[in-house]
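Reading through the structure tokens given below for one structure.
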Amino acid sequence: MNAETPISSRDAAVALLEWYREAGIDVLLGEPARDRFAETAAEGAARRAAASGGAARAQPAQRSEGPARPEPPPPPPPAPSAEGASSFPSVRVAVPDDIAVADARERARSAATLDELRAALEDFDGCNLRITAKTTVFGDGPQSAELMFVGEAPGRDEDIAGVPFVGRSGQLLNRMLEAIGLEREAVRVTNTVPWRPPGNRPPTPAETQICLPFVQRQIELVRPKILVCLGSPSAKAILGSSEGIMRIRGRWTEYAFGLEAGQTIAATAMLHPAYLLRQPAQKKLAWRDLLGLKARLSD
Ligand code: URA
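See the structure below:
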């Protein structure tokens, strides 16, 4: 397009949205439109009323981060955040991490089935990741699966679908499974955190710890024959590994968390499909690990 070509307002809006998306801005933090002019006018009026010291004291100005609408009657304590009035779930945003972890443990432990665990997770508001996520991505696949994969965190496609590993990484995972004669439908798939971190940033250690009891309980309830962690963050969180993925991939260990004494699940780590999409030359290593996995499954 040359500089003389007029651009339609629709094209301009599309170009702006595309520019935001490329910059990593792909979520809204609030649905209601905010009228900043009305907020400023209301704040100015409140300040003038306070300065004039009238008997009828001015109402405090509406919190600047709140939506521009008339003040509701005072809410009962503890008050939800002003954003709670939007279409997002009301979320406790300041739960200390250790309380959130204890709460997550308690809720996860009391779930006796995957359905109960999903419900417990959907009801849990101790992790701030859920504020920006569209859906809770719990897990996919049968409760009786022999093979279970744990990835890191849902991405954009998973957040939209509410199902783990449905985007490009998931499609590669499906092809990897097919290559060793397995169907995705026969496999259980989940992540260390069930909510997409904003802009696909890695989950923080605190977010991972808060969500860990839920994924641990999911492993316990499925109790697969083989557990595979995809990528280093998953291996670190689930298997407690301190070494990098290149050192631990293809090695076998035993997972015992939450299982009865003497019970274990054979566990290993593999390169994450997202990494393989960026580094296709490393697929040869993944192929070796897949063959090891196939041999172990048929033991
Ligand atoms: N990457 C992950 O770790 N998990 C998904 O569900 C998708 C991509």
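Numbering-wise (the numbering used here), the sequence shown opens with residue 130 and increments by one. Idealized CB from N, CA, C, for every residue including glycine.
Distance cut-off 7 angstroms: residue i Cβ against heavy atoms of the ligand URA
i	result
PRO293	yes
PRO331	no
ARG282	The residue you asked about is not Arg; residue 282 is Ala in the sequence shown. The answer is yes for ALA282.
ASN320	yes
GLY328	no
GLU287	yes
ALA364	no
LEU356	no
ALA403	yes
GLY359	It should be pointed out that residue 359 corresponds to Leu in this sequence rather than to Gly. Checking the Cβ of LEU359 against the ligand URA gives yes.
GLY299	yes
Status (buried if at least 16 other CB within 10 Å, exposed otherwise) for residue i
i	result
GLU383	exposed
ASP244	exposed
TRP148	exposed
ASP140	exposed
THR265	buried
MET305	buried
VAL143	exposed
GLY328	exposed
ALA170	exposed
ILE367	buried
PRO259	The sequence given here places Arg at residue 259; Pro does not occur at that position. By the 10 Å Cβ count, ARG259 comes out buried.
PRO326	buried
SER363	buried
GLU389	exposed
LEU359	buried
LEU410	It is Ala, not Leu, that sits at residue 410 in the sequence shown. When all chains shown are included, ALA410 counts as exposed.
GLU235	exposed
PRO332	buried
Check whether residue i and residue j have beta carbons under 8 angstroms apart
i	j	result
ALA315	PRO271	yes
LEU250	PRO334	no
ASN320	PRO353	no
ARG425	GLY379	no
LYS263	ILE228	no
ARG317	LEU246	no
ALA237	PHE166	no
GLY373	SER361	yes
CYS340	ALA233	yes
LEU406	ARG297	yes
GLY310	PRO293	no
GLY387	GLU349	yes
VAL295	GLU307	no
VAL351	ALA274	yes
Residues near residue i in its chain [Cβ-Cβ closer than 8 angstroms; skip 5 each side]
i	result
VAL357	LEU276, MET277, PHE278, VAL279, ALA396, THR397, ALA398, MET399, LEU422
ALA184	Because the pLDDT of ALA184 is 40, which lies under 50, any placement of that residue in the model is unreliable, and the number read from its coordinates should be weighed accordingly. No residues qualify anywhere along the chain.
LYS365	SER371
Residues that residue i bridges to, as DSSP identifies them
i	result
TRP416	None, per the DSSP bridge assignment.
LEU276	ILE355
MET399	LEU359
ILE394	TYR384
THR319	VAL279
ASP244	Paired residues: none, contrary to the question.
ASP269	VAL318
Below-8 angstroms beta-carbon distance, residue i vs any chain E residue
i	result
ALA396	No chain E is present in this structure, which holds just one protein chain.
Contact set for residue i: own chain, Cβ-Cβ below 7 angstroms, skip 5 residues either direction
i	result
LEU414	ARG378, LEU400
THR393	GLU383, TYR384, ALA385
LEU301	PRO402, LEU405, LEU406
ASN303	ARG313
Beta-carbon proximity list for residue i, same chain, < 6 angstroms, skipping 5 on both sides
i	result
GLN338	VAL230
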